[in-house]
Each structure stands twice: as structure tokens, then as C-alpha cells.
Amino acid sequence: MISQLTIQNFGLIDSLTLEFGDNLNVFTGETGAGKSILIDALHYALGARLNTSQLRDDQKPCVVEAVFNLTSKQLKESPLLSEYISEDEPSLIVNRRYSPDGRNKNKVNGFAITLSELKEMGNHLVDFHGPHDHQLLFTEKSHMDILDRLSDLKELKNEYSQKYHTYSLLRKELYQLEELSKNSERELDTLKHQLKELEQVPLEAAKYEELLAESTRVDNAEKLYGSAAELVAILENDQYGMNQLISKAFSPLSTLNSTDGTTAEYTNILERIQDDTSDLLSLLTGYLDSLSFQPEEANKINRLRDVYHDITRKYGPTLEDAGKFYIEAQRKYDLLINMEHNDKDLKNKIKTSQKNLQETARKITAKRKASAGSLKKTIEHELKELGIEHVRFECRIETTDLNRDGQDNVVFYISPNAGESLKPLAEIVSSGEAARVMLALKKALTKVDPIGVLIFDEIDAQIGGRLGSITGKKLKELSRNRQVILITHLPQIASFGDNHFKVLKEVIKGRTTTNVNPLTRSDRVKELAKMMSGKAESKIAVKHAEDMLVKAGVK
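The sequence shown: position 526 = 525 (numbering that gives the first Met the number 0), numbered continuously.
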């Protein structure tokens, strides 16, 4: 659940901190007071894009922070959440900050988090339903998603997904083979030529780097030889070479040693210098010998360099890309060489894979059909209580070709009126009916949906006062095992809130500001009375408001 929401410099809000309660939290207020700003701020905290028009003051930072208290079930369902908290400390603090320079900072429990991770986390924390979100009911894909959540299909769908992946790869391979076979002779010649080109040199970056280094040496051999020869001359010249000079230094050093014993270490140092000089001379001599001026060797190295250049140009841009191309070309070549055998082998593998896939698909279908029956009963029961007395509902499952989701097409059918035939949900449901269908589906999904917070922004659109009490009761039932946050214009719905907040606009220092006040029981009576009769609180409205709260079970 959300325990606290802090908002700074967002919309009409200057600075605001809200403390939420368990179960059903209701927000009321006049149109334009800023109720939806609270929802927009929470959307932003959980990864939504911030429009600069939403900033109260674009020269100040905008901060939204939400504190969530999570259950062990939520942690188990979402590995991403468990990375930031533990069962011992089940609080999650999501902080999002927008600076005047245009940068966003996203943090969870003090740790930086990417925007994509934040959005994924938000999907596990809060389920938003705005005035237009019931449009999801009109897409058949959402129908299958809803049914599958009720059907406990996680393990079966994972198994099916792996089998479908194998099946798809085999079908792709057969398609490629059939395409290749149409021009097999020409394709074989092309592949043979490509493989021959690629096999001229090792397709390894390290080998290529060695060749480039060798090429540099060959291209600069004359310069390298001159420098190395000059060094050798300096070291071993008979008159002024370093070796000769070092040898002469031993005579005066011997005199020093015989006269002053403390200079004995100088001899060791001079000997090391003589040894290092000899080693250097030996290395330089070997280096000179390694330098080649043979035209044929230079030509060979340069030719290989040109081969690498052609390969990366044709099959690159990198040697790694060329290596991948070689592997794929070799695979295609092997397929064509053994075409008849491979064709038969692939078709046998596809047949076996399809059989295994269909077996798992049938298990999925069986579970879907079982859940479809219980969903029908639940939806019809809930919608009848929500005022659609003669409703009939069906979840139809039609067989299709094998696809990523199985072999089923799932469509919700409904008839809201007596004597009318069932038709697809998307074709006949009005916006008021759609809101009630959405609420009924949420009730059906209560036991299988791990998301702990449901937010409804004006679910009462197109619902009259007569159905308000029934809708409020359903929302109250929905909030028994999760937190529900609701914006409503209907006093009948608001009366069922466990916690009631009033959103109001005030003018402070000449500027309009949105504030939110938690209401006491007596405040709630006044607010409900105003919602029923307008600004004036009539005695009849106050009495009616009191009766509403009593009927809703508010003490």
C-alpha cells in the first residue's frame, strides 16, 4: 500500500504531504479543484513523462516522493522489488526529482534507478484506472490476458513458450532451405565463393593486429634499420663506444677500491651497467637480423593486409561480423549440399515439435475453458448487483492456428438487455456499462492479482446516483484485501470510504493553490451534504448524509 505521498511544485500544488490509510481512500472536491493532479503526480513518480506545463514554477525543482509498504507476496512476485528491500524492512521509498536544468533523478530507497526499471517497478506497485482506461476492454488481446491471469497458466505458458521458440526456429530453417533450393546451383556457387574468400585468412582480431604491426615494420624497415644500426655503433665503437668506455672505467675504479674500501659497491654497479649494455647490444643485433628487406615477404604481408580490408568491406564492418557471416554461410552451404536429407530431417523434427507444442496448447485451452465458466458466473453476478439486471456474459474460446499464446482466440461477449443476442463486448457496451464491467473484472481478479494498490479516477462517470451505493459497496469489498484510492463526484460512493479527503483550491498571497484536507466524521457529513445539495447545507441533505454514512457502516 501507499502510506505517504509528498508533492512539491507540481501543477497547482506548492508543497503537500498526504498520509493514506488502509482499504478505501476517497477523494472528493469541486470540478477543477485539482483532484487528478494527485494521480498525475503519482504517475510521474512511477516513471511517466513530465510535461513542463505541469510545473508550478519552472525555476524551482519538482519533487514527488511515494512511500510504499509491501507484503512478502509482492516481493516474491517481483524480483526487481526485492533488489531494493527485504522482508525485514518492507518499505519502499520512490523519489523522483526534476531540476530546472531539465534533468530527472530517479531513486528507490536512496539508490539510483533507470527510468525503464522504475516503470517496470510501477507496474508491480499500482494499477491505474482513469476515465478512458476501460477502452482496454475493447481489445481482444486484453481478454486473453484477463482470462490467463485467472487460469494459473504461468508454468504451462513458460513451457509452451520454450517449445514454440524451438518450433519457430525449425520452421524458419525449413523456409530458408526451401528458398535456397529454388536457386540451389547458383546459391551454391555464391556460397562457395564467399567461403573461399573468408578462408584466406584467420578471422581473428588478434591475428589481424599482429599482421598490421608486421606491415608497419615492413613499410618502415629502412628507417628502423638505420636507427638500430646507429644504436649498435654507439655501443660498440672501438674508440668511443659505450662498451669501450665502460671497460676503461674499471682501471681508475680499481685504484679507488684499493685505497678506500667503502667504494667496493661502485664496482658492482659498473659491472651491472656493463652487463645491461651487452644485453642491449645483443637484442639490437637480433632485431637488425629480423628486419627484412625481401620484396617477396613485403608483398605477401601487404597482400594479406589487403585481403583483410576486402573482407571487412564486404562482410564487416568488423572481423567479428565477418566471422558470423562465415558461420551462417557454412550452415547454408551444408544445408544445400545435403538438401534432400536435410529437408526430410527438418520436416520430421517439425512434425515432432508441432505434436509436443499442440499437446501443451491443449492443456492451456483446457485451463482457459475451466476459468471461462467461472468468469461467466462471477461477471454476471457482479453486473446484476451493479444494476444490469438481465445481463448475459460469455468468454468464448475459438481454435486458431498455433501462435505465441497457444491455439486459442479469446473474445468476451455480452448482452446487457433482455431478449438481445450476445455480441462482442467492444461492439455494444456503453461507457457507463464499460466502467461497471471493468469493476466486475477487478472483483473477479482479486485473488490472483498481486498488485496492492488500485487507483480509480472517476470510475463513477456515466453512473447515476441510484447505482452509486451499489458501486460504493463493490469498491468497499474490493478494498478488503488491497488498498483502493478513488476520485469520485458521487456522495453515495464517497460515503463508503474508510478515509475521506477533500481537495480544494485556495488563493494564498494572490496565487491559486491546491490543498488536501483529511475529513473527520462531522466534516464528512458536511461534505456529503454539499455534494448532494450544492453549496448550501440544507437540513434534509445533512440528515441524508448522516444516513448514508450509517448505511455504509461508518461509525
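Quick reminder that beta carbons are idealized off the backbone N, C-alpha and C, glycines included.
Please say whether residue 490 and residue 548 have beta carbons closer to each other than 7 Å?
no
I'd like to confirm the pairing. Which residues does DSSP put opposite residue 499 in its beta bridges?
25
Can you grab the Cα-Cα spacing for the pair residue 50 / residue 127, in whole Å?
19 Å
Using 7 Å as the threshold, is the C-beta distance between residue 424 and residue 455 below it?
no
Three-way DSSP call (helix, strand, coil) for residue 458 in this model:
coil
Compare the Cα-Cα distances from residue 197 to each of 467, 321 and 162 and report the closest residue.
321
For residue 280, which residues of its own chain have a beta-carbon under 8 Å away from its beta-carbon, when the five flanking residues on both sides are left out?
When the five nearest sequence neighbours on each side are left out, the beta carbons in the same chain lying within less than 8 Å of the beta carbon of residue 280 are those of 231, 234, 235 and 242, in order along the chain.
Leaving out the 5 sequence neighbours to the left and right, which residues in its chain are closer than 6 Å to residue 59 when beta-carbon positions are compared?
8
In the DSSP assignment, find the unbroken alpha helix (DSSP H) run with residue 479 in it and report its ends.
Per DSSP, residue 479 belongs to no alpha helix (DSSP H) and is neither H nor E.
For residue 101, is the classification buried or exposed, using 16 other Cβ atoms within 10 angstroms of its Cβ as the cut-off for buried?
exposed
With a 10 Å radius around its C-beta and 16 neighbouring C-beta atoms as the bar for buried, classify residue 111 as buried or exposed.
exposed
Would you call residue 452 buried or exposed, if buried means 16 or more other Cβ atoms sit within 10 Å of its Cβ?
buried
Mind checking who residue 505 pairs with in its DSSP beta bridge?
512
Inspect the CB distances between the stretch 152-159 and the stretch 348-365 and report whether three or more fall short of 8 Å.
yes
In chain order, which alpha helix (DSSP H) runs of at least 4 residues are fully inside the stretch 153-217?
153-181 and 183-197
Could you spell out the range, first to last residue, of the alpha helix (DSSP H) harbouring residue 549?
538-550
What is the DSSP secondary structure of residue 302, counted as helix, strand or coil?
helix
Taking Cβ to Cβ, would you say residue 415 is nearer than 7 Å to residue 390?
Yes; because the gap between Cβ atoms is below 7 Å, this pair is in contact.
So which of 445, 56 and 465 has the shortest CA-CA distance to residue 475?
445
According to DSSP, simplified to helix, strand and coil, what is residue 523?
helix
If you reduce the DSSP assignment to three classes, tell me which class residue 271 lands in.
helix
Beta-carbon within less than 8 Å of residue 265's beta-carbon, same chain only, minus the 5 sequence neighbours each way: which residues are those?
Here the set comprises 252, 255 and 256.
Classify residue 552: buried if its beta carbon has 16 or more other beta carbons within 10 angstroms, exposed otherwise.
exposed
Just grab the DSSP bridge partners of residue 7 for me.
14 and 62
Determine the extent of the beta strand (DSSP E) in which residue 97 is found, giving its start and end residues.
90-97
Exposed or buried, which one is residue 83 when buried takes at least 16 other CB atoms within 10 Å?
buried
Span of the beta strand (DSSP E) holding residue 414?
405-414
Under a three-way DSSP split, which group does residue 399 fall into?
Three-state result, residue 399: strand.
Residue span of the beta strand (DSSP E) that contains residue 19, given as start and end
From DSSP, residue 19 is part of no beta strand (DSSP E); its letter is neither H nor E.
Going by DSSP in three states, residue 106 sits in which element: helix, strand or coil?
strand
How would you call residue 211, buried or exposed, if buried means at least 16 neighbouring beta carbons within 10 angstroms?
Exposed, by the Cβ-count rule.
Could you give the first and the last residue of the continuous beta strand (DSSP E) run that contains residue 126?
125-128
With DSSP collapsed to three states, give me the class of residue 150.
Looking at residue 150 - three-state DSSP - the assignment turns out to be coil, as it is neither helix nor strand.
Go ahead and label residue 308 buried or exposed: buried means 16 or more other beta carbons lie within 10 angstroms of its beta carbon, across all protein chains shown.
With fewer than 16 Cβ atoms within 10 Å of its Cβ, residue 308 is classed as exposed.
With a cut-off of 8 Å, do at least 3 Cβ pairs link the stretch 327-334 to the stretch 176-191?
Contact between the stretch 327-334 and the stretch 176-191 is present, because at least three Cβ pairs lie under 8 Å.
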